[in-house]
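>
Chains as they are written, first to last, in this note's numbering: chain U, 61 to 378; chain P, 61 to 378.
Structure below.
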């Protein structure tokens with residue numbers, strides 16, 4: 061079976077792709093999620109996307125892999141309480157998708173699938189074991205150990221955003237003070253940047269954003285850094301240092317010293333990754349520092365969709 | 061095979077025991093390590109202990125499990141650079157022990173074996189998956205996942221002492237600022253206690269220790285706490301809170317929410333564990349907080365020896 065269908069369920073859009081086992085994505089498309097219309101409606105829309113991809117395939121796909129927010133059961137069939145999906149308590153996605161498409165399906169969380177996609181199709185191919193850190197609206201993660209997903213006792217390992225590096229630090233959406241998400245989650249990084257920019261009235265960023273801080277995003281800091289704006293470089297540098305401290309914690313718990321960083325915020329690239337690397341190397345135990353690597357995943361959102369398809373290729377018959 | 065021999069190699073003493081597969085320790089003894097006399101001498105002494113236990117066994121033991129400091133190879137045969145063992149670079153313990161005793165042997169680090177011993181003979185029997193935190197001179201750890209040791213990519217997982225909760229905090233022996241060991245390592249806890257006691261000239265602890273802070277150990281804080289000394293209770297409470305923040309990090313990375321605490325410092329019991337539990341529960345993600353447990357391992361040093369024997373029972377033929 062050379063094809064599988066990868067689906068990425070988001071709060072706004074459902075992305076889906078026809079993926080070839082070795083060649084990767086052959087077709088992809090997306091439709092709006094319309095989460096407010098309820099669970100059945102959303103699954104109907106997922107099924108519509110799947111059927112569209114089945115039409116495109118020259119041979120029957122092996123099945124469907126689905127990336128989803130929410131709590132995923134250890135058997136990868138159920139999804140419970142995804143945030144921002146009203147009325148969605150607990151849904152057997154495997155059964156619901158089969159009913160509508162006659163295809164077998166498995167679910168996992170999107171950060172795990174980004175790690176799997178990176179491992180099979182992206183920068184993670186270089187490593188048997190690595191930690192993926194996803195820097196976006198929130199901070200998440202996935203763990204690849206010996207080329208397999210490490211999921212912990214119940215399927216929820218790798219909650220990297222909720223690891224503290226400063227127990228009396230700021231709060232994010234979680235209750236963990238000074239957690240990585242409170243420093244690198246998109247909104248929290250933007251808020252920290254706004255506070256610094258507000259003190260620097262001569263800075264071009266002040267002139268552009270001083271009444272519009274709600275619209276400030278990490279990408280603007282990156283653009284300013286590229287223009288040589290020292291304040292932007294400093295803000296990204298400090299964020300990178302925080303990421304470095306988080307990585308020390310992940311490595312020392314897991315004994316995995318290869319790190320792949322993905323997601324929107326990570327597009328600031330070496331402005332964040334270089335200080336992260338330096339901070340981690342300065343404090344890692346020698347055995348972990350020795351061949352430590354921290355790299356960027358250029359696949360972007362495709363990593364999760366490729367990982368979803370990989371789930372179908374490799375785990376449906378496990 | 062009903063018997064195995066468990067050995068715990070320490071800088072000062074070598075402890076060894078004859079362990080029955082279901083009944084636990086039947087005989088145990090110890091001899092001085094004499095680490096300064098070099099590797100061959102130490103292994104001779106280990107072999108002497110093993111032979112003493114073989115004599116006691118009513119049926120031939122299956123083999124030897126050895127707990128050791130230093131870096132252990134993934135195949136559990138080699139030990140490299142144990143601290144405080146001069147001239148010990150890299151030694152194939154399996155071969156050296158076989159040469160002297162004709163018994164098969166495997167090695168693992170003592171914190172991993174304490175976790176395995178707890179899982180098979182101690183408080184950890186209650187859990188399929190748990191995190192063991194060992195609080196002694198240093199802070200270490202072992203991870204049991206689905207009743208098996210989780211060792212990471214190279215055998216070094218669970219370096220819990222070197223996980224930071226305060227990146228601008230104090231240093232311990234490692235280069236990680238504000239790591240758990242810098243708060244709960246025996247010497248660091250004593251130093252913090254001494255600083256607090258020095259400010260409280262009316263306190264019985266001041267009267268006893270003000271010129272003797274080098275001799276202050278966590279057990280004295282525990283004894284004072286039992287006598288109702290509020291300062292001692294406060295110091296242990298603060299240490300427990302730090303442990304709680306560390307546990308949040310371990311749980312969120314590993315998705316394991318049962319914690320067993322062992323080692324000398326842990327003997328301060330609920331004075332440390334209750335604030336640790338409360339701190340962890342206040343910040344853990346709901347899915348982990350739900351059935352979170354934090355308990356004490358009463359086996360003490362026996363946990364590592366029982367774990368060493370379990371290594372022989374279960375892993376020699378794996």
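All C-beta atoms in this analysis are idealised placements derived from N, C-alpha and C, irrespective of residue type, glycine included.
(1) Identify every residue that forms a DSSP beta bridge with residue 73 of chain P.
(2) Taking any Cβ of chain P, which residues in the segment 202 to 231 of chain U have a Cβ under 9 Å from it, in chain order?
(3) Going along chain U, which residues have a C-beta under 7 Å from residue 312 of chain P?
(4) Mind checking which residues open and close the alpha helix (DSSP H) that includes residue 313 of chain U?
(5) By how many angstroms is the C-alpha of residue 77 of chain U removed from the C-alpha of residue 403 of chain U?
(6) In terms of residue numbering, what span does the alpha helix (DSSP H) encompassing residue 154 of chain P cover?
(7) Below 8 Å between beta carbons is the criterion; list the residues of the segment 161 to 192 of chain U that meet it against any residue of chain P, in chain order.
(8) In or out: residue 361 of chain P buried (at least 16 other Cβ within 10 Å) or exposed?
(9) Decide if the segment 349 to 367 of chain U is in contact with the segment 179 to 192 of chain U; the criterion is three or more beta carbon pairs, one per stretch, under 8 Å apart.
(10) Starting from residue 364 of chain U, trace the alpha helix (DSSP H) both ways and give me its first and last residue.
(11) Kindly indicate if chain P contains any beta-carbon less than 8 Å away from that of residue 325 of chain U.
(12) Flag residue 6 of chain U as yes if its beta-carbon sits less than 8 Å from any beta-carbon of chain P, otherwise no.
(13) Are at least three pairs of beta-carbons, each pair with one atom in the segment 150 to 163 of chain P and one in the segment 267 to 275 of chain P, less than 8 Å apart?
(14) How about residue 128 of chain P and residue 170 of chain P: are their beta carbons less than 8 Å apart?
(15) Can you give, in chain order, each stretch of the beta strand (DSSP E) that sits fully within the segment 197 to 251 of chain P and has at least 3 residues?
(16) Take residue 371 of chain P and list the residues in its own chain whose beta-carbon comes closer than 7 Å to its own, dropping the five residues that flank it on each side.
(17) Interface residues of chain P around residue 308 of chain U at Cβ under 7 Å?
(18) Please classify residue 350 of chain U: does DSSP put it in a helix, a strand, or coil?
(19) Closest to residue 250 of chain P by C-alpha separation, out of P:221, P:322, P:213 and P:299, would be which residue?
(20) Along the beta strand (DSSP E) that carries residue 191 of chain P, what are the first and last residues, could you check?
(21) Any chance you could list the beta strand (DSSP E) runs of at least 3 consecutive residues sitting entirely within the segment 100 to 145 of chain U, in chain order?
(22) So which residues of chain P does residue 316 of chain U contact, with C-beta pairs closer than 7 Å?
(23) Whole-angstrom Cβ separation of residue 312 of chain P and residue 219 of chain U, contact assumed at under 8 Å?
(24) Here's the rule: buried if 16 or more other CB atoms are within 10 angstroms of the residue's CB, otherwise exposed. What is residue 279 of chain U?
(25) Hey, could you find the ends of the alpha helix (DSSP H) residue 279 of chain P is sitting in?
(26) Please list, in chain order, all residues of the same chain as residue 324 of chain U whose beta carbon is under 6 Å from its beta carbon, the five residues on each side excluded.
(27) Residue 337 of chain P and residue 354 of chain P: beta carbons closer than 8 Å?
(28) Should residue 345 of chain U be flagged as near chain A, meaning a C-beta pair shorter than 8 Å?
(29) Pick helix, strand or coil for residue 66 of chain U, following the three-state DSSP scheme.
(30) Name, please, each residue of chain U whose Cβ falls closer than 8 Å to the Cβ of residue 131 of chain P.
(31) Under the rule that 16 or more other beta-carbon atoms within 10 Å means buried, what is residue 224 of chain P, buried or exposed?
(32) I need the straight-line Cα distance from residue 107 of chain U to residue 117 of chain U, nearest angstrom please.
(33) In terms of alpha-carbon separation, which member of P:101, P:287 and P:122 lies closest to residue 61 of chain P?
(34) Under 8 Å between the Cβ atoms of residue 321 of chain U and residue 193 of chain U?
(35) Under the assumption that residue 144 of chain P contacts residue 71 of chain P (Cβ atoms under 8 Å), give the Cβ distance between them as a whole number of angstroms.
(36) State the Cα-Cα distance for the pair residue 281 of chain U and residue 356 of chain U, rounded to the nearest angstrom.
This is what the structure gives:
(1) The count along the second chain starts at 1 and reaches residue 73 of chain P at position 13. Beta-bridge pairing links residue 73 of chain P to P:92.
(2) 203, 205, 206, 210, 211, 212, 213, 214, 215, 216, 217, 218, 219, 220, 221, 222, 223, 224, 225, 226, 227, 228 and 229
(3) For the purposes of this step, residue 312 of chain P is identified with residue 252 of the second chain, where counting begins at 1. Those are 219, 222 and 223, listed as they occur along chain U.
(4) Along the first chain, read from residue 1 onward, the residue named residue 313 of chain U stands at position 253. Counted as a single uninterrupted DSSP element, the alpha helix (DSSP H) harbouring residue 313 of chain U occupies residues 290 to 314.
(5) Lying before the first or after the last residue shown, residue 403 of chain U is absent from chain U, which here runs from 61 to 378.
(6) In the second chain, counting from the first residue as 1, residue 154 of chain P sits at position 94. Residue 154 of chain P -> alpha helix (DSSP H) spans 153 to 161.
(7) Within the segment 161 to 192 of chain U, the residues whose Cβ lies closer than 8 Å to some Cβ of chain P are 188 and 189, listed in chain order.
(8) The count along the second chain starts at 1 and reaches residue 361 of chain P at position 301. That one is buried.
(9) yes
(10) Walking along the first chain from the start, residue 364 of chain U turns up at place 304. First-last of the alpha helix (DSSP H) with residue 364 of chain U: 362 to 375.
(11) Taking the first residue of the first chain as 1, we reach residue 325 of chain U at position 265. Residue 325 of chain U does not count as touching chain P.
(12) The structure shown does not extend to residue 6 of chain U, since chain U is modelled only from 61 to 378, so the question has no answer here.
(13) no
(14) Within the second chain, the letter at position 68 stands for residue 128 of chain P. Within the second chain, the letter at position 110 stands for residue 170 of chain P. Yes, they are a contact pair.
(15) Restricting attention to beta strand (DSSP E) runs no shorter than 3 residues, the segment 197 to 251 of chain P encloses them at 199 to 205, ordered along the chain.
(16) Numbered from 1 along the second chain, position 311 holds the residue referred to as residue 371 of chain P. So the qualifying residues of the chain are 125, 166, 168, 173 and 176.
(17) As a first step, residue 308 of chain U is located in the first chain; it is residue number 248 there, counting from the start. Ordered by position in chain P, the residues that pass the 7 Å Cβ test against residue 308 of chain U are 224 and 236.
(18) Counting from one through the first chain, the residue named residue 350 of chain U turns up at place 290. Residue state, collapsed to three classes: coil.
(19) As a working mapping, residue 250 of chain P is identified with position 190 in the second chain. Nearest of P:221, P:322, P:213 and P:299 to residue 250 of chain P, Cα basis: P:299.
(20) Along the second chain, one-based indexing puts residue 191 of chain P at 131. Per DSSP, residue 191 of chain P belongs to the beta strand (DSSP E) from 190 to 195.
(21) For the segment 100 to 145 of chain U, whole beta strand (DSSP E) runs of length 3 or above, ordered along the chain, are 124 to 128 and 138 to 140.
(22) Your numbering for residue 316 of chain U matches position 256 in the first chain. Within chain P, the residues near residue 316 of chain U are 212 and 213.
(23) Walking along the second chain from the start, residue 312 of chain P turns up at place 252. Walking along the first chain from the start, residue 219 of chain U turns up at place 159. About 4 Å separates the two Cβ atoms, so the contact holds.
(24) Here the question's residue 279 of chain U lines up with position 219 in the first chain. Exposed is the call here.
(25) Working through the second chain from its first residue, we reach residue 279 of chain P at position 219. Run containing residue 279 of chain P: 278 to 286, per the alpha helix (DSSP H) assignment.
(26) Translated into positions along the first chain, residue 324 of chain U becomes position 264. For residue 324 of chain U, where only same-chain residues beyond five positions count, the Cβ hits under 6 Å are 196.
(27) By one-based count along the second chain, residue 337 of chain P stands at place 277. By one-based count along the second chain, residue 354 of chain P stands at place 294. Yes, the Cβ-Cβ distance between residue 337 of chain P and residue 354 of chain P is below 8 Å.
(28) Judged by its chain identifiers, the structure shown contains no chain A, and its protein chains are U and P.
(29) Locating residue 66 of chain U in the first chain gives position 6, where the first residue counts as 1. Strand.
(30) The residue labelled residue 131 of chain P in the question sits at position 71 within the second chain. For residue 131 of chain P, the chain U residues whose Cβ falls inside 8 Å of its Cβ are 347, in order along the chain.
(31) As a first step, residue 224 of chain P must be located in the second chain, where it is residue number 164. It is buried - the Cβ of residue 224 of chain P has at least 16 other Cβ atoms within 10 Å.
(32) Within the first chain, numbered from 1, the residue matching residue 107 of chain U stands at position 47. Within the first chain, numbered from 1, the residue matching residue 117 of chain U stands at position 57. Roughly 15 Å separates the two Cα atoms.
(33) For the purposes of this step, residue 61 of chain P is taken as residue 1 along the second chain, with counting starting at 1. Ranking the options by Cα distance to residue 61 of chain P, first place goes to P:122.
(34) To locate residue 321 of chain U, count along the first chain from 1; it is residue 261. To locate residue 193 of chain U, count along the first chain from 1; it is residue 133. It is a contact, given that the beta carbons lie within the stated cut-off.
(35) By one-based count along the second chain, residue 144 of chain P stands at place 84. By one-based count along the second chain, residue 71 of chain P stands at place 11. That pair is a contact at about 4 Å.
(36) Against the first chain, residue 281 of chain U aligns to sequence position 221. Against the first chain, residue 356 of chain U aligns to sequence position 296. Distance between the alpha carbons of residue 281 of chain U and residue 356 of chain U: 18 Å.
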